[in-house]
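Enquirer: Its first residue numbered 327, the sequence shown is counted upward by one per residue in this note's numbering.
The beta-carbon is built from N, C-alpha and C at its ideal position, and this holds for glycine as well.
Computed from a predicted structure; not experimentally measured.
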Amino acid sequence: MRPPADAVVKTPEALARLSEEIVRCRRCPRLVRYRERLAVLGAEKDGSSYWGKPVPGFGDPEASVLVVGLAPAARGANRTGRIFTGDRSAEFLSAALYRAGFANQPFSVAREDGLEYRRAYLTAAVRCVPPDNRPTTTEADRCLPFLVREIRALPALRVVLGLGKLAWDRSFQAASEAFGVSLRRAPFTHGARLPLGTGLPVLWGTYHPSPRNTQTGLLSAEMFDRELTAIRTYVDDAIRGSDSRSRTTSRS
Ligand code: SF4
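1) Is it buried or exposed for R408, if we count other Cβ within 10 angstroms and need 16 for buried?
2) Quick check on S497: buried or exposed, where buried means 16 or more other Cβ atoms within 10 Å of its Cβ?
3) With DSSP as the reference, identify every bridge partner of W530, one or two as the case may be.
4) What are the start and end residues of each continuous alpha helix (DSSP H) run of 4 or more residues lying completely inside the segment 366–429, in chain order?
5) Does the distance from the C-beta atom of L492 to that of L419 stay below 8 Å?
6) Quick one, which of N430, N459, I348 has its alpha-carbon nearest A446's?
7) For R384 and L448, which I take to be in contact (beta-carbon distance under 8 Å), what is that distance rounded to the nearest angstrom?
8) Please classify L341: is it buried, with 16 or more other beta-carbons within 10 angstroms of its beta-carbon, or exposed?
9) Can you tell me which residues fall inside 7 Å of the ligand SF4, judged by beta-carbon distance to its nearest heavy atom, and keep chain order?
10) With 16 other CB atoms within 10 Å as the buried threshold, where does T542 fall?
11) What first and last residue would you give for the alpha helix (DSSP H) that runs through L448?
12) With distances taken Cα to Cα, identify the nearest neighbour of L487 among H534, E370, D439, A421.
13) Considering Cα atoms alone, identify which of G523, G567, R475, T540 is closest to V507.
14) With which residues is Y443 paired in a DSSP beta bridge?
15) Roughly how many whole angstroms lie between the Cα atoms of R482 and E388?
16) Using three-state DSSP, classify V334 as helix, strand or coil.
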């Protein structure tokens, strides 16, 4: 069951405050040095302005689906300042979310591009770009409370979608803590589903849409679309079910 209402903070303001806190974070010295150095080098190389700070989540505060990636990419979110924006993973993911009806446009290239997610919120397990895309366990542990708080601040969640094994594992940990449940961890596979309990979201897993996976054929657009379509159907059914239960209750 979900924790008592007074144990959670569920407002768009709470999400906005959390995002501000994330952007100011400097808890991981190695990642602070790396993200800032990349920003300086990137700006020197191509003259554009780089974000170079932690990247908060982005999307609909009434999201039914929380999409959790690994971490900002060097030329993606660490450059643009918005999660899954401006790189090949973003290109793949935003087009797929658009096809599944979770976005108003099929591209995510810059913070000012007009993208809006509908019933979806995107975030990452680690908010600063790590060298070689590999945060240490300590760094991922330090960042986990942000994900716990994000989950608690999204009142309409039905699915937490972990992109890749690290995001799956960290989403499992964060959701378990957010909802106070103790479950046996399930192994990550593409298409994995783990219900967290009655009235709680389902943890869902897919391969990460990184070029390494999409260009080698490990993950195709069709494979990813199949999971998003299943998620959409699951979410729509869950919402219809809870609407009809609440109508029955209000009539009785
Ligand atoms: S990875 Fe997370 S905890 Fe570490 S500095 Fe970045 S935002 Fe802070």
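Expert: Considering the structure as presented:
1) By the neighbour-count criterion, in which a residue is buried when 16 or more other Cβ atoms sit within 10 angstroms of its Cβ, R408 is buried.
2) It counts as buried.
3) L487, R519, per the DSSP bridge assignment.
4) Counting whole runs of 4 or more residues, the segment 366–429 contains the alpha helix (DSSP H) stretches 403–406, 414–425.
5) Taking 8 Å as the Cβ cut-off, L492 and L419 do not qualify as a contacting pair.
6) Out of N430, N459, I348, N430 has the C-alpha closest to the C-alpha of A446.
7) The sequence given here places Phe at residue 384; Arg does not occur at that position. Between L448 and F384 the Cβ distance is about 6 Å, and since that is below 8 Å, they are a contact.
8) Burial call: buried.
9) The chain-ordered list of residues whose CB is nearer than 7 Å to some heavy atom of the ligand SF4 reads I348, C351, R352, R353, C354, L357, V358, P380, V452, R453, C454, P461, E465, R468, C469, F472.
10) T542 comes out exposed.
11) Unbroken run through L448 is the beta strand (DSSP E), 446–450; no alpha helix (DSSP H).
12) L487 has its Cα closest to that of H534, out of H534, E370, D439, A421.
13) Among G523, G567, R475, T540, the Cα nearest to that of V507 is on G523.
14) In the DSSP output, where bridge partners are listed per residue, Y443 has A429.
15) Note that residue 482 is Ala in the sequence shown, not Arg. Approximately 6 Å, taken between the alpha carbons.
16) Caution is warranted here: a pLDDT of 49 is assigned to V334, below 50, making its placement in the model unreliable, and the coordinate value is therefore given only provisionally. V334 carries a coil assignment under DSSP once its states are collapsed to helix, strand and coil.
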